[in-house]
Amino acid sequence: MHGEYKVPGGKLVVVDLEVADGRIADFHLAGDFFLEPDDALADIDAAVTGLPVEADVATIAAAVRGALPEGAQLLGFTPESVATAVRRALIVAPGWAEFEWEVVHEKAVSPAMNLALDEVLTTRVGDGRRVPTLRIWEWNESAVVIGSFQSYRNEVDPEGAAKHGFQVVRRISGGGAMLMAANSIVTYSLYVPASLVAGMTFADSYAFLDDWVLHALRSLGIDATYQPLNDIASSKGKIGGAAQKRLANGGVLHHATLSYDMDGQVLTEVLRIGREKLSDKGTASAAKRVDPLRSQTGLPRAEIIERFKETFTSLYGAKPGSISEEEYAEAEALVESKFSTDAWLRRVP
1234 MHGEYKVPGG KLVVVDLEVA DGRIADFHLA GDFFLEPDDA LADIDAAVTG LPVEADVATI
1294 AAAVRGALPE GAQLLGFTPE SVATAVRRAL IVAPGWAEFE WEVVHEKAVS PAMNLALDEV
1354 LTTRVGDGRR VPTLRIWEWN ESAVVIGSFQ SYRNEVDPEG AAKHGFQVVR RISGGGAMLM
1414 AANSIVTYSL YVPASLVAGM TFADSYAFLD DWVLHALRSL GIDATYQPLN DIASSKGKIG
1474 GAAQKRLANG GVLHHATLSY DMDGQVLTEV LRIGREKLSD KGTASAAKRV DPLRSQTGLP
1534 RAEIIERFKE TFTSLYGAKP GSISEEEYAE AEALVESKFS TDAWLRRVP
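Residues 1234 to 1582 (this note's numbering) are what the sequence shown spells out, left to right.
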């Protein structure tokens, strides 16, 4: 059995193994990482050999860590990344290159329609009716998008939202509220099969699915990093955050919102949680917590989006795609039945 795992921001970890009597046998670790001392490689191989095939990531990583000699240096990989590669080998998880990919960047639609498209397209990828897809959002209205489990009244100031023209909508993924002013945000969604992230911890899958955007940001001169669990940041501040939803049919939604421009004062007037987080720091620090792409690059939003599309296409061989009329119609129906309803918006009062 063969498994591979590219560490986000790090190196490729490759494992080969056999299974005998329910245990891992003949295990060998390889990759383009750095490891000192040299003979620590044999220690890792010995630690994994003999583990039960049911061992999870935490158990395998603990075995690897416990076998390392004192002072061992692992550069570009971790015991957890070895464990992830093992799990992916045992379940024969495919990599990015084993799928056909599409990039979709179409007309502006309402915030609720964007959220409905996320559910529709994730479902279709899970059902096998659509190839895995990267979609760049476009919208023509400002919105506050709250997480699936957030309290409406605790997160949003209705008067502030109305004053600044922000519609409030709720998405199907968890996480925190996002202030999405028109033309001031770059948002994308990935619709992928669960097999792509099989064998990974939930936390590891976040960084894995956003690794491509770090490449894109670095090509723009931004020293981008991933901060667990779900933040994309640079040395100058937070750039954005990601969220996920996994459907029962095997579809995975991973979407991220990156700030292109922002008004810290508006943030604190629209989001109640913004006031609480900044209550001991002063309103002015809202703008300091986030360092938008516009200030870091000086580039138009459209040019940044084009770089994102070019990077994803070059890494994974993606082709331009489109949303079908049937998919739009299905999403429109979902807006009416779910995303535009008060019952959905206030499902957590």
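Just so you know, even glycine gets a beta-carbon here, dropped at the ideal spot from N, CA and C.
Exercise. Can you check whether the CB of V1425 is closer than 8 Å to the CB of A1489?
Worked result: Your numbering for residue 1489 matches position 256 in the sequence shown. Your numbering for residue 1425 matches position 192 in the sequence shown. In this structure, the beta-carbon distance from A1489 to V1425 does not fall below 8 Å.
Exercise. How would you write the range of the beta strand (DSSP E) that S1422 sits in, first residue to last?
Worked result: Within the sequence shown, the letter at position 189 stands for residue 1422. Run containing S1422: I1418 to P1426, per the beta strand (DSSP E) assignment.
Problem set entry | Y1493 vs P1525 beta-carbon contact at 8 Å | Locating residue 1493 in the sequence shown gives position 260, where the first residue counts as 1. Locating residue 1525 in the sequence shown gives position 292, where the first residue counts as 1. For Y1493 and P1525, yes; Cβs fall inside 8 Å.
For this session: Quick one: measure Cβ to Cβ for A1427 and V1364, integer angstroms, because I've assumed they're closer than 8 Å.
Result: Indexing the sequence shown from 1 puts residue 1427 at position 194. Indexing the sequence shown from 1 puts residue 1364 at position 131. The Cβ separation is near 15 Å, so there is no contact.
Exercise. Looking at the structure shown, is R1579 part of a helix, part of a strand, or coil, going by DSSP?
Worked result: Your numbering for residue 1579 matches position 346 in the sequence shown. In the structure shown, R1579 sits in coil (DSSP, three-state: anything other than H, G, I, E or B).
For this session: In the DSSP assignment, find the beta strand (DSSP E) that holds D1276 and state where it starts and stops.
Result: The residue you call residue 1276 lines up with position 43 of the sequence shown. Counting along the chain, D1276 falls outside any beta strand (DSSP E), though it belongs to the alpha helix (DSSP H) covering A1273 to V1281.
Exercise. From this set, R1368, F1541, Y1459 and L1348, which residue's C-alpha is nearest G1407's C-alpha?
Worked result: As a working mapping, residue 1407 is identified with position 174 in the sequence shown. Nearest C-alpha to G1407: L1348.
Exercise. Can you give the Cα-Cα distance for I1369 and G1236, rounded to whole angstroms?
Worked result: Mapped onto the sequence shown, residue 1369 falls at position 136. Mapped onto the sequence shown, residue 1236 falls at position 3. Taking the straight line from one Cα to the other gives about 31 Å.
Problem set entry | Residues bridged to Y1238 (per DSSP) | Numbered from 1 along the sequence shown, position 5 holds the residue referred to as residue 1238. In DSSP, Y1238 forms a bridge with V1246.
Exercise. Can you check whether the CB of I1277 is closer than 8 Å to the CB of V1315?
Worked result: Taking the sequence shown and counting its residues from 1, one reaches residue 1315 at position 82. Taking the sequence shown and counting its residues from 1, one reaches residue 1277 at position 44. With contacts defined as CB atoms closer than 8 Å, V1315 and I1277 qualify as a contacting pair.
Exercise. Sorted by chain position, which residues of the same chain lie with C-beta nearer than 7 Å to E1256's C-beta, five sequence neighbours on each side aside?
Worked result: Residue mapping note: residue 1256 aligns to position 23 of the sequence shown, counting from 1. In the sequence on display, residue 1256 carries Arg and not Glu. For R1256, where only same-chain residues beyond five positions count, the Cβ hits under 7 Å are G1283, L1284, P1285 and V1286.
For this session: Indicate the three-state DSSP secondary structure (helix, strand or coil) for I1556 in the structure shown.
Result: Your numbering for residue 1556 matches position 323 in the sequence shown. Three-state DSSP puts I1556 in coil, outside helix and strand.
For this session: Let me know if Q1477 comes out buried or exposed under the rule of 16 or more other beta-carbons within 10 Å of its beta-carbon.
Result: The residue given as residue 1477 occupies position 244 in the sequence shown. By the neighbour-count rule (16 or more Cβ atoms within 10 Å), Q1477 is buried.
Exercise. For S1381, which residues from the same chain have a beta carbon less than 7 Å from its beta carbon, with the 5 sequence-adjacent residues on both sides left out?
Worked result: Counting from one through the sequence shown, the residue named residue 1381 turns up at place 148. For S1381, where only same-chain residues beyond five positions count, the Cβ hits under 7 Å are R1403, R1404, I1405, S1406 and G1407.
Problem set entry | Cα-Cα separation, W1329 to G1309 | By one-based count along the sequence shown, residue 1329 stands at place 96. By one-based count along the sequence shown, residue 1309 stands at place 76. Rounded to whole angstroms, W1329 to G1309 spans 20 Å at the Cα level.
Exercise. Would A1322 pass as a contact of L1250 if the rule is Cβ separation under 8 Å?
Worked result: Residue mapping note: residue 1322 aligns to position 89 of the sequence shown, counting from 1. Residue mapping note: residue 1250 aligns to position 17 of the sequence shown, counting from 1. Closer than 8 Å, so yes.
Problem set entry | Close Cβ partners of D1513 (< 8 Å) along its chain, the five nearest in sequence each way excluded | As a working note, residue 1513 is residue 280 in the sequence shown. For D1513, the pLDDT reaches just 49, beneath the cut-off of 50, and the residue's location in the model is therefore unreliable, although a value from the coordinates is still provided. Nothing meets the Cβ criterion.
Problem set entry | Where the beta strand (DSSP E) containing Q1477 begins and where it ends | Taking the sequence shown and counting its residues from 1, the one referred to as residue 1477 is at position 244. Where Q1477 is concerned, the enclosing beta strand (DSSP E) stretches over G1470 to R1479.
For this session: Scan the segment 1383 to 1410 and note each continuous alpha helix (DSSP H) run of 4 residues or more that stays entirely inside, going in chain order.
Result: 1385 to 1388 and 1391 to 1397
Exercise. Alpha carbon to alpha carbon, what distance is there between L1245 and F1266?
Worked result: Taking the first residue of the sequence shown as 1, we reach residue 1266 at position 33. Taking the first residue of the sequence shown as 1, we reach residue 1245 at position 12. Taking the straight line from one Cα to the other gives about 7 Å.
For this session: Assign G1264 to buried or exposed, taking buried as 16 or more other Cβ atoms, counted over all protein chains shown, within 10 Å of its Cβ.
Result: The count along the sequence shown starts at 1 and reaches residue 1264 at position 31. Buried, because 16 or more other Cβ atoms sit within 10 Å of the Cβ of G1264.
For this session: Output the boundary residues of the alpha helix (DSSP H) element that contains Y1549.
Result: Sequence index remark: in the sequence shown, residue 1549 carries index 316 (1-based). From DSSP, the alpha helix (DSSP H) with Y1549 extends over R1534 to Y1549.
For this session: Pull up the distance between the alpha-carbon of K1340 and that of E1371, whole angstroms please.
Result: If you number the sequence shown from 1, residue 1340 lands on position 107. If you number the sequence shown from 1, residue 1371 lands on position 138. The alpha-carbon atoms of K1340 and E1371 are separated by roughly 6 Å.
Exercise. What number of angstroms, rounded off, separates the C-alpha of L1504 from the C-alpha of G1497?
Worked result: Mapped onto the sequence shown, residue 1504 falls at position 271. Mapped onto the sequence shown, residue 1497 falls at position 264. Their backbone Cα atoms lie some 11 Å apart in a straight line.
For this session: Using a threshold of 8 Å, state whether the C-beta atoms of P1270 and A1305 are closer than that.
Result: For the purposes of this step, residue 1270 is taken as residue 37 along the sequence shown, with counting starting at 1. For the purposes of this step, residue 1305 is taken as residue 72 along the sequence shown, with counting starting at 1. Closer than 8 Å, so yes.
Exercise. Are the segment 1560 to 1572 and the segment 1350 to 1363 touching, with three or more C-beta to C-beta distances below 8 Å?
Worked result: yes
Exercise. Would you report the Cα separation of F1579 and S1573, rounded to the nearest angstrom?
Worked result: The count along the sequence shown starts at 1 and reaches residue 1579 at position 346. The count along the sequence shown starts at 1 and reaches residue 1573 at position 340. Phe is not the amino acid found at residue 1579; the sequence shown has Arg there. Those two C-alpha atoms are separated by around 11 Å.
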